[in-house]
Amino acid sequence: MTDTRRRVKVYTLSEDRQWDDRGTGHVSSGYVERLKGMSLLVRAESAGSLLLESKINPNTAHQKQQDTLIVWSEAENYDLALSFQEKVGCDEVWEKICQVQGKDPSVDITQDLVDESEEERCDDMSSPGLELPSCELSRLEEIAELVASSLPSPLRREKLALALENEGYIKKVLELFHVCEDLENTEGLHHLCEIIKGIFLLNRTALFEVMFSEECIMDVIGCLEYDPALSQPRKHREFLTKTAKFKEVIPISDPELEQKNPSDIQSSVYTRHGSTYPFSL
């Protein structure tokens with residue numbers, strides 16, 4: 315039986331800030347003589363060819379996201395991501411990275427992801443909050459770029475999350491989703507998909523509460539149907555409303571949960587587990 319714990323997809327970040335799929339394989343770690351150090355290796359599951367050979371450098375910033383994703387930068391403008399099929403595999407590889415770097419595996423980031431001096435970091439922390447563009451069709455690309463550019467920096471991620479919370483921005487974005495669908499504005503729908511994916515990666519409970527609310531959940535799923543990496547939109551909403559069936563495996567004792575529409579709970583789980591990277595929706 316194939317060991318799925320170490321099954322991953324390899325992604326690289328393109329110049330236009332899109333994650334490009336480089337293939338599926340199995341990841342391992344070991345000493346590579348040519349690189350003079352412990353390295354991560356991914357071999358393609360079909361041909362066995364080497365998809366990735368990356369030395370675990372002591373000063374390279376790695377970040378674990380969404381329980382099944384490890385992201386890092388090997389050089390300027392060259393970002394990599396491993397997306398694991400199973401959480402246990404991600405945890406194992408994360409522990410290996412932290413062991414090599416002498417870091418605590420319970421912390422989801424091994425270094426500051428941005429190479430800043432202490433003075434620059436202090437300046438950034440004391441600077442005003444992030445200013446979001448007005449939520450208009452003509453500025454969707456700008457919004458998508460702002461979200462993507464904020465993800466590598468912990469400080470900018472925090473400022474972006476706070477701005478999104480304070481301005482009720484998610485609901486404004488979802489209003490544009492309806493406009494774009496009515497106008498069949500494919501480019502706008504692609505930008506909306508990237509915006510929603512980026513917001514998921516902020517991993518902020520307050521934002522999840524808005525996105526998974528009864529009012530917003532189906533619109534969030536609708537945005538994720540329009541992944542620019544796909545030739546045709548997916549039909550997630552149709553699947554959830556017409557095909558998927560809710561089955562109560564464990565009795566629900568929480569009165570608040572009992573009052574929720576089962577399809578809303580199911581939609582939240584469906585979205586949360588595969589909204590951003592591989593092995594996904």
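Going by our numbering, the letters in the sequence shown line up with residues 315 to 595, in that order. Positions of the beta carbon are idealized from the N, C-alpha and C atoms, including for glycine. This one's a predicted model, so the numbers in the text were calculated from it and none came from an experiment.
One alpha carbon belongs to Ser368, the other to Asp496, and they sit about 45 Å apart. Between the stretch 507-518 and the stretch 402-414 there are fewer than three inter-stretch CB-CB distances shorter than 8 Å, so the stretches are not counted as touching.
Contact between Ala458 and Leu521 fails: their C-beta atoms lie close to 16 Å from each other, not under 8 Å.
Per DSSP, the beta-bridge partners of Tyr325 are Asp335 and Ala395.
Looking at the DSSP output, Ala358 sits in a beta bridge with Gly339.
Across the set Val493, Ala462 and Lys485, the C-alpha of Val493 shows the shortest separation from the C-alpha of Ser452.
Setting aside the 5 residues that flank it on each side, Asp335 is surrounded in the same chain by Lys323, Val324, Tyr325, Ala543 and Pro592, each with a C-beta closer than 8 Å to its C-beta; the list follows chain order. Among the bridge pairs identified by DSSP, Gly351 is matched with Val346. In the three-state reduction of the DSSP assignment, Gln546 falls in the coil class. Spanning the alpha carbons of Val346 and Lys556 requires a straight line of approximately 51 Å.
Taking each of Ser467, Met352, Glu489 and Arg518 in turn and checking the Cα distance to Cys537, the smallest one comes out for Glu489. Taken atom to atom, the span from the alpha-carbon of Arg320 to that of Val385 is near 16 Å. Burial of Tyr540 is indicated by the presence of at least 16 other C-beta atoms within 10 angstroms of its C-beta. Relative to the Cα of Leu454, the nearest Cα in the group Leu396, Glu481, Leu366 and Lys486 belongs to Lys486.
At a Cβ-Cβ threshold of 8 Å, Ser363 and Leu355 do not count as neighbours. The three-state secondary structure of Ser387, taken from DSSP, is strand.
The continuous alpha helix (DSSP H) containing Ser464 extends over residues Leu454 to Ser464. Gln399 and Arg551 have their C-alpha atoms some 23 Å from each other.
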